[in-house]
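Below: one structure, written as structure tokens.
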Amino acid sequence: MKTYMDRITVEPGKRGGKPCIRGMRISVYDVLEYLASGMTHEEILRDFPYLEADDIRACLQYAADRERQQMVLRA
Numbered sequence: 036m037k038t039y040m041d042r043i044t045v046e047p048g049k050r051g052g053k054p055c056i057r058g059m060r061i062s063v064y065d066v067l068e069y070l071a072s073g074m075t076h077e078e079i080l081r082d083f084p085y086l087e088a089d090d091i092r093a094c095l096q097y098a099a100d101r102e103r104q105q106m107v108l109r110a
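Structural data, given as structure tokens:
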């Protein structure tokens with residue numbers, strides 16, 4: 036995976052403009068919530084067979100980048 040920007044899309048009419056995975060209706064937030072609740076990557080991929088391991092990594096990379104941007108804004 037080169038960068039999350041290859042996988043994370045934002046469309047104003049889809050999921051209220053939330054960042055989603057490859058234009059689908061599953062949002063970055065959804066995946067992060069699954070991970071935070073204790074689901075493993077394997078469980079997520081089993082429950083959502085249209086997702087790929089790189090999609091999960093893209094969500095984590097997206098969240099890390101957003102946090103980094105917030106830290107810059109606070110400084």
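For what it's worth, my numbering labels the leading residue of the sequence shown as 36, then goes sequentially.
Ideal placement from N, C-alpha and C gives every residue a C-beta, glycine not left out.
- Contact between Ala88 and Val63 does not hold, since their C-beta atoms are separated by about 15 Å, which reaches or exceeds 8 Å.
- The continuous beta strand (DSSP E) containing Ile43 extends over residues Ile43 to Val45.
- Within the same chain, and ignoring the five residues on either side of Thr44 in sequence, the residues whose Cβ sits closer than 6 Å to its Cβ are Cys55 and Gly58.
- In the three-state DSSP reduction, Ile61 falls in the coil class, being neither helix nor strand.
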